[in-house]
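Visitor:
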Amino acid sequence: MSEKTLTRMDLSDAVFREVGLSRNESAQLVESVLQHMSDALVKSEQVKISSFGTFSIRDKAARVGRNPKTGEEVPILPRRVLTFRPSHLMKERVAAGNKG
1 MSEKTLTRMD LSDAVFREVG LSRNESAQLV ESVLQHMSDA LVKSEQVKIS
51 SFGTFSIRDK AARVGRNPKT GEEVPILPRR VLTFRPSHLM KERVAAGNKG
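full-length UniProt numbering numbers the first residue of the sequence shown as 1 and each following residue consecutively.
(1) What would DSSP say about Glu45, mapped onto helix, strand or coil?
(2) Per DSSP, what kind of secondary structure is Lys60 in: helix, strand or coil?
(3) Quick one: what's Val74 bridged to in DSSP?
(4) Check the C-beta distance from residue 111 over to Phe52 and give it rounded, since I have them as a contact under 8 Å.
(5) Measure how close the beta-carbons of Val15 and Val30 come, nearest whole angstrom, since I'm counting them as under 8 Å.
Next up, the structure:
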């Protein structure tokens with residue numbers, strides 16, 4: 001299994017190679033897209049990217065958890081969590097990649 005991580009730099013390099021923008025413009029474009037996505041999520045809006053998936057925010061209620069070592073009950077505060085749901089196409093592509 002590969003340990004490679006796709007980074008912002010990798011994305012901007014791909015834009016540089018495939019679109020033909022300068023390196024600086026490519027980096028600015030990637031930053032702008034990521035900023036738009038982040039801003040939408042902060043406002044609890046969904047970010048849906050066709051053939052890729054949907055990012056959304058879920059509000060989780062307060063609940064009582066348990067410390068696994070001691071068994072002591074611990075309150076877990078309400079919080080917002082980021083979720084990602086891959087599209088069917090993405091699921092199929094990932095599954096096909098696992099067979100090779």
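By construction, the Cβ of each residue, glycine as well, lies at the ideal position given by its N, Cα and C atoms.
Guide: The short version:
(1) Note: Glu45 maps to coil in three-state DSSP.
(2) DSSP, read as helix, strand or coil, puts Lys60 in strand.
(3) Bridge partners of Val74: Gly65.
(4) This structure gives no information on residue 111, because the portion of the chain shown stretches from 1 to 100.
(5) Their Cβ separation, rounded to whole angstroms, is 6 Å, which keeps Val15 and Val30 in contact under 8 Å.
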